[in-house]
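Visitor: In this note's numbering, the protein residues as written are 354 to 803.
#1: Inspect the beta-carbon positions of residue 814 and residue 693 and report whether they are closer than 8 angstroms.
#2: Closer than 8 angstroms is the cut-off here; do at least three beta carbon pairs connect the stretch 554 to 568 with the stretch 614 to 628?
#3: Where do the N-terminal and C-terminal ends of the beta strand (DSSP E) with residue 467 fall, by residue?
#4: List, from N- to C-terminal side, the beta strand (DSSP E) runs of 3 residues or more that fit wholly inside the stretch 525 to 604.
#5: Leaving out the 5 sequence neighbours to the left and right, which residues in its chain are closer than 6 angstroms to residue 781 when beta-carbon positions are compared?
#6: Tell me whether the beta-carbon of residue 745 lies closer than 8 angstroms to the beta-carbon of residue 770.
#7: For residue 658, count the other beta carbons within 10 Å of its own beta carbon; 16 or more makes it buried, fewer makes it exposed. Which is it?
#8: Would you call the CB atoms of residue 783 and residue 793 closer than 8 angstroms?
#9: So what's residue 706 in DSSP terms, helix, strand or just coil?
#10: Could you spell out the range, first to last residue, of the beta strand (DSSP E) harbouring residue 785?
#11: Distance check for residue 682 and residue 725, CA to CA, integer angstroms please.
#12: Here's a check: name, in chain order, each residue in its chain whose Cβ is nearer than 6 angstroms to the Cβ of residue 423, leaving out the five neighbours to either side.
#13: Strictly by DSSP, which residues pair up with residue 619?
#14: Is residue 646 helix, strand or coil by DSSP?
#15: From the DSSP output, read off the bridge partner residues of residue 503.
#16: Drop a sphere of 10 angstroms on the beta-carbon of residue 790, count the other beta-carbons inside from all chains shown, and report buried for 16 or more, exposed for fewer.
#17: Taking the beta carbon of residue 700 as the centre, do at least 16 other beta carbons fall within 10 Å, making it buried, or is it exposed?
#18: DSSP puts residue 746 in a beta bridge; with which residues?
#19: How long is the line joining the alpha carbons of residue 721 and residue 643, rounded to whole angstroms?
#20: Under 8 angstroms, with one C-beta from each stretch per pair, do the stretch 603 to 612 and the stretch 575 to 590 reach the 3-pair mark?
#21: In three-state terms, what does DSSP make of residue 800?
#22: Between which two residues does the alpha helix (DSSP H) containing residue 509 stretch?
#23: For residue 465, which option in 496, 730, 447 has the closest C-alpha, if you only look at C-alpha atoms?
#24: Between residue 691 and residue 712, what straight-line distance do the alpha-carbon atoms span, to the nearest angstrom?
#25: When burial is assigned at 16 or more other CB atoms within 10 Å of the CB, is residue 616 buried or exposed?
#26: Just to check my reading of the structure: residue 560 and residue 504 have Cβ atoms closer than 8 angstroms, yes? What is that Cβ distance to the nearest angstrom?
#27: What does a CB cutoff of less than 6 angstroms around residue 486 pick up in its chain, not counting 5 residues either side in sequence?
#28: Quick check on the burial criterion: 16 or more other C-beta atoms within 10 angstroms. Buried or exposed for residue 563?
#29: Hey, could you find the ends of the alpha helix (DSSP H) residue 448 is sitting in?
#30: Do the stretch 373 to 380 and the stretch 404 to 421 meet, that is, are 3 or more Cβ pairs less than 8 angstroms apart?
#31: According to DSSP, is residue 409 part of a helix, a strand, or is it coil?
#32: Assuming contact is defined by CB atoms lying nearer than 8 angstroms, are residue 708 and residue 732 in contact in what I supplied?
#33: On a Cα-Cα basis, can you pick out the residue from 404, 358, 462, 715 that is closest to residue 493?
#34: Is it right to say residue 592 is buried, meaning 16 or more other beta carbons lie within 10 angstroms of its own, or is it exposed?
#35: Rounded to whole angstroms, what's the CA-CA distance from residue 552 to residue 664? Just pull it up for me.
#36: Suppose contacts are defined by Cβ-Cβ distances below 8 angstroms. Is residue 680 in contact with residue 512 by that definition?
Shown next, in the form of C-alpha cells:
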C-alpha cells in the first residue's frame with residue numbers, strides 16, 4: 354500500500370515514519386527543499402526520542418521517501434494525509450489556508466480514486482471544506498474522479514510520540530463511505546493486531562473528538578492549578594489533595610499535577626479554536642474560557658512569588674533558570690511558561706541565566722540576547738540570587754544541593770513543578786517556594802525578618 358503524507362512537521366514526520374515501520378510505502382512531501390534534503394540524509398529536524406533511529410531504519414529499508422513534488426506523491430498513492438500546520442489567527446480560530454491549499458493541489462493532480470485524510474488538527478466541518486476544494490479543482494479540469502475525505506486526528510504527546518503512534522490508546526477515524534472505511538481499516542490493520550481500538554464515526558464527531566480531548570486535559574490542568582493556589586491560602590497541601598482525588602477512578606491521577614500552566618503546540622491553540630468555533634455557532638464555552646484565563650494567570654505565578662520575596666524592583670538580581678521547553682523530552686518552546694517568566698523578570702530589571710538539556714538552540718532563536726545561556730544546570734546558578742525550576746527534566750530532580758549552596762548567593766528556590774520535598778528543604782535550610790504547598794524559610798531569612 355502506498356500513502357503520501359503532506360507536511361513534515363511534528364505530526365507529519367511521526368505519522369509517515371511510523372506507518373513506514375509497519376511496511377507501508379510512504380512518501381513525505383514538504384515545500385522546504387533544505388528540510389527535505391536533510392530528511393533524505395536521515396537528519397531529524399525536531400527532537401523526539403526514538404524518531405531518529407526509526408527514520409534511519411526505514412530510509413535504509415526503502416520504505417520512506419522525501420520529495421518537494423506533491424504531484425508525484427499524489428499520483429503514486431492510495432491515500433493522502435494532510436498534516437500541515439493550522440496556526441491560530443488573531444481571533445483564535447485555526448488558519449486553514451495550508452490545509453485547503455493542499456486539498457486544491459490534490460484536486461489538480463489526482464488521476465484515480467484517493468482517500469484524502471485530514472491529520473492536522475482542524476475545526477469541525479473542515480473535511481467538507483477540503484472536499485469542496487478538491488471538487489472545485491476537478492470541475493476546473495472538467496474531469497470526474499471519485500474520492501473520499503476522512504478525518505483521522507492525532508493524539509500524540511511530545512516526548513513519547515513514537516510510542517503513542519505505534520501503541521495508541523485508540524485510533525479515531527471519521528468517514529463518509531464504506532469504501533473509505535475499508536482503506537482506513539487496511540492502513541491501521543497492523544495496529545489492531547495488538548488489540549488497540551479502532552473507532553469509526555462520522556466526520557463531524559471525529560473532528561470534535563480531537564478538540565474535546567485536548568480541551569478536557571487542559572481543563573484538568575487549570576482546575577488543579579486553581580486548587581493549588583487556594584491550597585496555599587487555606588493551608589492545605591496540594592500533593593495530598595492530588596493523591597486524595599486522583600485515587601477516585603472517575604477522576605484518575607493523570608494531568609492533575611500543579612505547575613506553571615500548560616504550553617506547547619496543542620493545548621493553547623486547540624482550546625482557543627474550540628472556544629472560537631462555539632462563538633461562531635452562538636454558544637459560549639464558559640468553562641474553557643475560564644481554563645484559558647487560569648492558565649494565562651498561572652504562567653506568572655512564580656514571578657509573583659519572586660516579587661513577594663525580593664520586592665517589586667528586581668534590578669541587580671540574578672536568577673538561574675532550569676528548563677525552557679514547555680515540557681520534558683522536547684525542544685518545543687511554543688507557548689512555554691518560561692517565555693512569560695523571562696519576559697517579566699527582564700522587565701523588572703533582573704538578569705536570567707538559563708539551561709535546558711535540549712532546547713538551548715530554540716531558546717537562542719526565540720530569546721536572542723535577552724538572557725544568558727549556561728553550559729549546564731550548575732553553570733546557570735553561579736552567583737544566582739535564586740534558582741527557578743520551570744521544566745521538570747529528570748536531571749533536575751536530584752541535584753547536589755551542597756553545590757547549589759556553594760554556587761548561589763542565596764539559598765532560595767522557586768519550584769514551578771513541585772519536584773523537591775518540603776521536608777528535605779527544611780533539613781537543607783533552603784528558602785523554598787512551590788505550588789500549592791507551604792513556604793519553607795531558611796533560618797537566615799527568619800533571623801533577618803525577625
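A virtual CB, placed ideally from N, CA and C, is assigned to each residue, including glycine.
Guide: Reading from the atomic positions:
#1: This structure cannot settle anything about residue 814, because the visible part of the chain is limited to 354 through 803.
#2: Yes: the two stretches touch, three or more of their Cβ pairs being nearer than 8 angstroms.
#3: 467 to 471
#4: 551 to 554
#5: 754
#6: yes
#7: buried
#8: yes
#9: strand
#10: 784 to 786
#11: 22 angstroms
#12: 382, 458
#13: According to DSSP, which records beta bridges pairwise, residue 619 is partnered with nothing at all.
#14: Reduced to three states, the DSSP call for residue 646 is helix.
#15: 470
#16: buried
#17: exposed
#18: Answer is none; residue 746 lacks a bridge partner.
#19: 33 angstroms
#20: yes
#21: Low local confidence applies: a pLDDT of 46 at residue 800 is under 50, so the model's placement there is unreliable, with the coordinate-based value given in what follows. Helix.
#22: Note, residue 509: premise wrong, no alpha helix (DSSP H); not H, not E.
#23: 496
#24: C-alpha separation (whole angstroms): 11 angstroms.
#25: In the assembly as shown, residue 616 is a buried residue. Its beta-carbon has 16 or more other beta-carbons within 10 Å.
#26: 5 angstroms
#27: 453, 456, 457
#28: buried
#29: First-last for residue 448: undefined, no H or E at that position.
#30: Yes, the stretch 373 to 380 touches the stretch 404 to 421.
#31: helix
#32: yes
#33: 462
#34: buried
#35: 55 angstroms
#36: yes
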